[in-house]
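Remarks on the structure that follows.
2 protein chains.
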Amino acid sequence: MTILQIGAGGVGWVIAHKAAQNNDILGDITIASRTVSKSDAIIASIKRHHNLKDSRRKLKSRTVDAYDINALITLIQNVKPNLVINAGPPRVNMSIMEACYQAKVSYLDTSAAVDLYSEGQQVPQAYDWQWNYRKRFKEAGITGILGAGFDPGVVSVFAAYAVKHLFDEIDTIDVMDVNAGNHGKNFATNFDPETNMLEIQGDSFYWENGKWEQVACHTRMMEFEFPLVGSHKVYSMAHDEVRSMKEFIPAKRIEFWMGFSHSYLNYFNCMRDIGLLSPNAITLQDGTVVEPLKVLKTLLPDPTSLAPDYTGKTCIGTWVQGKKNNKMRSVFIYNNADHKVAYKDVEHQAIAYTTGIPAITAALLYFKGVWNGKGVFNMEQLDPDPFLELLPLIGLDWSVKELEPQSPIINILK
Amino acid sequence: MTILQIGAGGVGWVIAHKAAQNNDILGDITIASRTVSKSDAIIASIKRHHNLKDSRRKLKSRTVDAYDINALITLIQNVKPNLVINAGPPRVNMSIMEACYQAKVSYLDTSAAVDLYSEGQQVPQAYDWQWNYRKRFKEAGITGILGAGFDPGVVSVFAAYAVKHLFDEIDTIDVMDVNAGNHGKNFATNFDPETNMLEIQGDSFYWENGKWEQVACHTRMMEFEFPLVGSHKVYSMAHDEVRSMKEFIPAKRIEFWMGFSHSYLNYFNCMRDIGLLSPNAITLQDGTVVEPLKVLKTLLPDPTSLAPDYTGKTCIGTWVQGKKNNKMRSVFIYNNADHKVAYKDVEHQAIAYTTGIPAITAALLYFKGVWNGKGVFNMEQLDPDPFLELLPLIGLDWSVKELEPQSPIINILK
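As given, the protein sequences belong to chains A and B, one line each in that order. Numbering of the first sequence is given in the working numbering, commencing with residue 1 and proceeding in unit increments. Numbering of the second sequence is given in the working numbering, commencing with residue 415 and proceeding in unit increments.
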């Protein structure tokens, strides 16, 4: 058995550590990335941390340009993996998926291939390109598992679990995501600043009463009492899983909410107001052409550098309301992850940790022959039970909290 | 008679308009700048606004690199001005002054030649380089008038007036500067963003009990009731005139204070925290090298573009406390300038207006043979009476307000 991981950023870091901890099942591991030194740093961390379970299994690095389909095919033919795990940014999904199709090898990723700043690539279109491969993957006899992170990913499994076990009828699904951790910096992003800032400044899309609603960022807010980390203001935001949930789970409203502190929003608004979050190139007085967002990316701390001093917890979950046995019901299915626990386990912070662990959980189910249907699948389509049984063993607990049924108080701002 | 103006930014705009309104005394006007289109835009504005008093006098543009001493000398020999008015940024003072010395022509500027981000060029050293020309200017039989803007400039004349007429003994001089205007933008600077941001983020220097004190920016604050524009928080800041006042006016404490709104400070702090105010080059992922501050300069609105919609007033003055006839005395000598009045007069805003008018007032006194001693002079050294008599006629009123003597309540922040 062998896997090929493409990408060596924060999520790739955690995926590689967790794959190594489970290499008795996953086999040899190859980590390929544009900059081989990043893969080598991960391998050094895995060895230093004694996270290679079966030391007879290989762990190696390779260089690859994830946009280059032919280079990817050559790499796949060389490594001969049973599964390709895409740990790169969403913009490389299409080339890797095409290479997997041509090389006839199964594929897994953690978020949808959308260019967050382009027209026609927003949430209502998320997954369109990747769903085009459903028939081809089925005919090729290979498996594609899409969006196997935490959100999208585990929150989608929580929704499937609610459908299967907890509800007869669903009214609303609110995905709630707050990072109540503290990295000690004035301002920093928890993953690639470019992807993060594009995601946050985009309009929010939510699904309500059979159609898409589009609103400006940070204009729909509610306060939510999160287990363990307390009450936080959360804001409606565009997120991949609203699209896939809408496709597979009937509900009157489906929406994604993210918590932002007053300080975070203040920095964000300042930067946006002065034009620093724009991906559109500007020309300086001396003729130099730069994209402001890439300047910001260079100025901000490397997200990986935050991990050693990160304290506190995250809470991400799916709040489902509807009916069971003709009675109103409200449940919050969630995980709390701790930044220090994540660092102790894999030398990284909890944001990457909660994304990487579900990917390896899904990969293990694929290897065990439980999640290995032929075709392309989102997490909502697969049986939630074996996944939720295995997830805590790989590192993420989950709980169901029964709430008082209520109409969410949504504040419309500005 | 003829004058040569070098520089065609915001202050140059006002100086040229005011020179044109007084060209029966100042004669022909040549405006030289690196970008000739900027001079031509000013000339078009003067003509459109019918500000050329004597239409038989010439008004023309020329190109010059203000760093190039030989090019400046050639230009001076060509134009043959009675006075060179330096309306450029402080960093070109030395080359223009040297060219004036070599070409034997009198010189006037509006602020000190310091590089605000370099070691050894702070307030305690301001004017050192320019004062080195005292003997040479005297021997050459030419006049140099330094810092003839509002602050430095008029506030220094106010201090000289207080010494001459209002006090026997001075305890404290606090220069107070607030712009209570509104340009309708989220964030913008009133003059060159690069100079402005360097000035504001630098440490403050004030003179107290015979020595220099240095404190971090925005860490000394007081609230002051300004005539017409009300109470504002002002912060101790490094400013040229603290150096020249310390040299020529005996006082126990001399300090400069500038008003900043909560919103301004918030943007400023955000930008500083993320590193955007740094003049030190950074290298982007693709190898492009940029200075963050120059990126910000390109992102922010052109200060000149703010003028048409600017409303509200400024208040700048000198608060002097001390003794007269053995009794404690406290006076605030000040001007209120109105952004709309400035725009109506010269198609620019009040910040440039209050800097440009004093320069032309001083130039007129030079031409009238009142302020034309041989050597190099700061405004504190010259007779304040003729200047304060002429200033309102050129466009800026001034008043003396008697206050209750008091110990200023200075708040030490952070």
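The beta carbon of each residue, even a glycine, is placed where N, CA and C say it ideally should be.
Under the three-state DSSP convention, the category residue 733 (chain B) falls into: Position 319 of the second sequence, counted from the first residue, corresponds to residue 733 (chain B). Of the three classes helix, strand and coil, the one that applies to residue 733 (chain B) here is strand, per DSSP.
Those residues which DSSP pairs with residue 31 (chain A) across a bridge: Taking the first residue of the first sequence as 1, we reach residue 31 (chain A) at position 31. According to DSSP, residue 31 (chain A) bridges with A:5 and A:61.
Candidates B:663, B:757 and B:652: closest to residue 427 (chain B) by CA position: Along the second sequence, read from residue 1 onward, the residue named residue 427 (chain B) stands at position 13. Selected option, being the one with the closest Cα: B:757.
Contacts that residue 191 (chain A) makes with chain B (C-beta to C-beta distance below 7 angstroms): The sequence position of residue 191 (chain A) within the first sequence is 191, counting from 1. Simply none; closest approach about 16 angstroms.
Residue 186 (chain A) versus residue 688 (chain B) - alpha carbon distance: The sequence position of residue 186 (chain A) within the first sequence is 186, counting from 1. The sequence position of residue 688 (chain B) within the second sequence is 274, counting from 1. Looking at the two C-alpha atoms, the distance is approximately 8 angstroms.
Residue environment, residue 86 (chain A), which counts as buried when at least 16 other CB atoms sit within 10 Å: On the first sequence, residue 86 (chain A) is found 86 positions in, with the first residue counted as 1. With 16 or more other Cβ atoms within 10 Å, it is buried.
Terminal residues of the beta strand (DSSP E) in which residue 646 (chain B) lies: Residue numbering aside, residue 646 (chain B) sits at position 232 when the second sequence is read from its first letter. Taken as a continuous stretch (DSSP letters only), the beta strand (DSSP E) holding residue 646 (chain B) covers 644–650.
Between the CA atoms of residue 81 (chain A) and residue 428 (chain A) - distance to the nearest angstrom: One cannot answer for residue 428 (chain A) here, as it falls past the ends of chain A, which runs 1 to 414.
Of the residues B:422, B:464, B:433 and B:706, the one placed nearest residue 479 (chain B), counting alpha carbons only: Sequence index remark: in the second sequence, residue 479 (chain B) carries index 65 (1-based). The residue with the shortest Cα to Cα distance from residue 479 (chain B) is B:422.
Under the three-state DSSP convention, the category residue 482 (chain B) falls into: The count along the second sequence starts at 1 and reaches residue 482 (chain B) at position 68. It is coil, neither helix nor strand.
Chain A contact residues for residue 624 (chain B), given Cβ-Cβ distances below 9 angstroms: Numbered from its first residue, the second sequence carries residue 624 (chain B) at position 210. Residues of chain A passing the Cβ test: none, with the nearest at roughly 38 angstroms.
Residues of the region 699–715 of chain B with Cβ closer than 9 angstroms to any Cβ of chain A, in chain order: 699, 700, 702, 703, 704, 705, 706, 708, 709, 710, 711, 712, 713 and 714
Chain-ordered neighbours of residue 275 (chain A) on chain B, where CB pairs are closer than 7 angstroms: The sequence position of residue 275 (chain A) within the first sequence is 275, counting from 1. Here the neighbours are 713.
Closest residue to residue 463 (chain B) among B:760, B:803, B:788 and B:826 (Cα-Cα distance): The sequence position of residue 463 (chain B) within the second sequence is 49, counting from 1. The candidate whose alpha carbon is nearest that of residue 463 (chain B) is B:760.
DSSP three-state assignment for residue 629 (chain B), whether helix, strand or coil: For the purposes of this step, residue 629 (chain B) is identified with residue 215 of the second sequence, where counting begins at 1. Here residue 629 (chain B) sits in strand by DSSP.
Validate contact between the region 167–178 of chain A and the region 262–276 of chain A using beta carbons, cut 8 angstroms, 3 pairs: no
Beta-carbon gap between residue 374 (chain A) and residue 138 (chain A) smaller than 8 angstroms: Residue 374 (chain A) sits at position 374 when you count from the first residue of the first sequence. Residue 138 (chain A) sits at position 138 when you count from the first residue of the first sequence. In this structure, residue 138 (chain A) lies closer than 8 angstroms to residue 374 (chain A) by Cβ.
Cβ shell of residue 540 (chain B) (< 7 angstroms), same chain only, five flanking positions each side left out: Numbered from its first residue, the second sequence carries residue 540 (chain B) at position 126. Taken in chain order, the residues that qualify are 526, 528, 654 and 657.
Cross-chain neighbours of residue 186 (chain A) in chain B, by beta carbon under 8 angstroms: As a first step, residue 186 (chain A) must be located in the first sequence, where it is residue number 186. Per Cβ cutoff of 8 angstroms: 687 and 688.
Euclidean distance between Cα positions of residue 392 (chain A) and residue 675 (chain B): As a working note, residue 392 (chain A) is residue 392 in the first sequence. As a working note, residue 675 (chain B) is residue 261 in the second sequence. The alpha-carbon atoms of residue 392 (chain A) and residue 675 (chain B) are separated by roughly 51 angstroms.
Partner residues on chain B for residue 282 (chain A), Cβ-Cβ distance less than 8 angstroms: As a position in the first sequence, residue 282 (chain A) is number 282, starting the count at 1. Per Cβ cutoff of 8 angstroms: 709, 712 and 713.
Any C-beta of chain A under 8 angstroms from that of residue 680 (chain B): What you label residue 680 (chain B) is simply residue 266 of the second sequence in a count that begins at 1. So yes, residue 680 (chain B) belongs to the interface.
Bridge partner(s) assigned by DSSP for residue 671 (chain B): In the second sequence, counting from the first residue as 1, residue 671 (chain B) sits at position 257. Partner(s): B:590 and B:650.
Cβ-based burial, residue 583 (chain B) [other Cβ within 10 Å; buried from 16]: Here residue 583 (chain B) corresponds to residue number 169 of the second sequence, with the count starting at 1. Residue 583 (chain B) comes out exposed.
Proximity of residue 648 (chain B) and residue 621 (chain B) at Cβ, strictly below 8 angstroms: Taking the second sequence and counting its residues from 1, one reaches residue 648 (chain B) at position 234. Taking the second sequence and counting its residues from 1, one reaches residue 621 (chain B) at position 207. Not a contact, by the Cβ cut-off of 8 angstroms.
Beta-carbon proximity list for residue 630 (chain B), same chain, < 7 angstroms, skipping 5 on both sides: Mapped onto the second sequence, residue 630 (chain B) falls at position 216. Closer than 7 angstroms at the Cβ level, and outside the excluded window around residue 630 (chain B), lie 617.
Chain B contact for residue 270 (chain A) (CB, 8 angstroms cutoff): Counting from 1 along the first sequence, the entry for residue 270 (chain A) is found at position 270. Yes, residue 270 (chain A) counts as interfacial toward chain B.
Backbone CA spacing between residue 282 (chain A) and residue 714 (chain B) [nearest angstrom]: For the purposes of this step, residue 282 (chain A) is taken as the residue at position 282 of the first sequence. For the purposes of this step, residue 714 (chain B) is taken as the residue at position 300 of the second sequence. Approximately 12 angstroms between the Cα atoms of the pair.
Residue 334 (chain A) versus residue 386 (chain A) - alpha carbon distance: The count along the first sequence starts at 1 and reaches residue 334 (chain A) at position 334. The count along the first sequence starts at 1 and reaches residue 386 (chain A) at position 386. Cα to Cα, residue 334 (chain A) sits roughly 17 angstroms from residue 386 (chain A).
Through-space distance from residue 666 (chain B) to residue 744 (chain B), alpha-carbon basis: Here residue 744 (chain B) refers to the residue found at position 330 of the second sequence. Here residue 666 (chain B) refers to the residue found at position 252 of the second sequence. If you take the alpha carbons of residue 744 (chain B) and residue 666 (chain B), they lie about 14 angstroms apart.
Inter-residue CB distance, residue 798 (chain B) and residue 562 (chain B) (contact presumed, cutoff 8 angstroms): Sequence index remark: in the second sequence, residue 798 (chain B) carries index 384 (1-based). Sequence index remark: in the second sequence, residue 562 (chain B) carries index 148 (1-based). With 8 angstroms as the limit, residue 798 (chain B) and residue 562 (chain B) do not qualify as a contact, their Cβ atoms being about 13 angstroms apart.
Beta-carbon proximity check, residue 378 (chain A) vs residue 156 (chain A), cutoff 8 angstroms: Your numbering for residue 378 (chain A) matches position 378 in the first sequence. Your numbering for residue 156 (chain A) matches position 156 in the first sequence. Yes.
Closest by C-alpha distance to residue 152 (chain A), when choosing among A:103, A:174, A:16 and A:132: Position 152 of the first sequence, counting from 1, holds the residue named residue 152 (chain A). If we check each option's Cα against that of residue 152 (chain A), A:174 comes out closest.
Cβ-based neighbour list, residue 746 (chain B), same chain, cut-off 7 angstroms, excluding 5 preceding and 5 following: On the second sequence, residue 746 (chain B) is found 332 positions in, with the first residue counted as 1. Correct list, in chain order: 731, 733, 815 and 817.
Residue 341 (chain A) to residue 21 (chain A) span [Cα, whole Å]: As a working note, residue 341 (chain A) is residue 341 in the first sequence. As a working note, residue 21 (chain A) is residue 21 in the first sequence. The alpha-carbon atoms of residue 341 (chain A) and residue 21 (chain A) are separated by roughly 16 angstroms.
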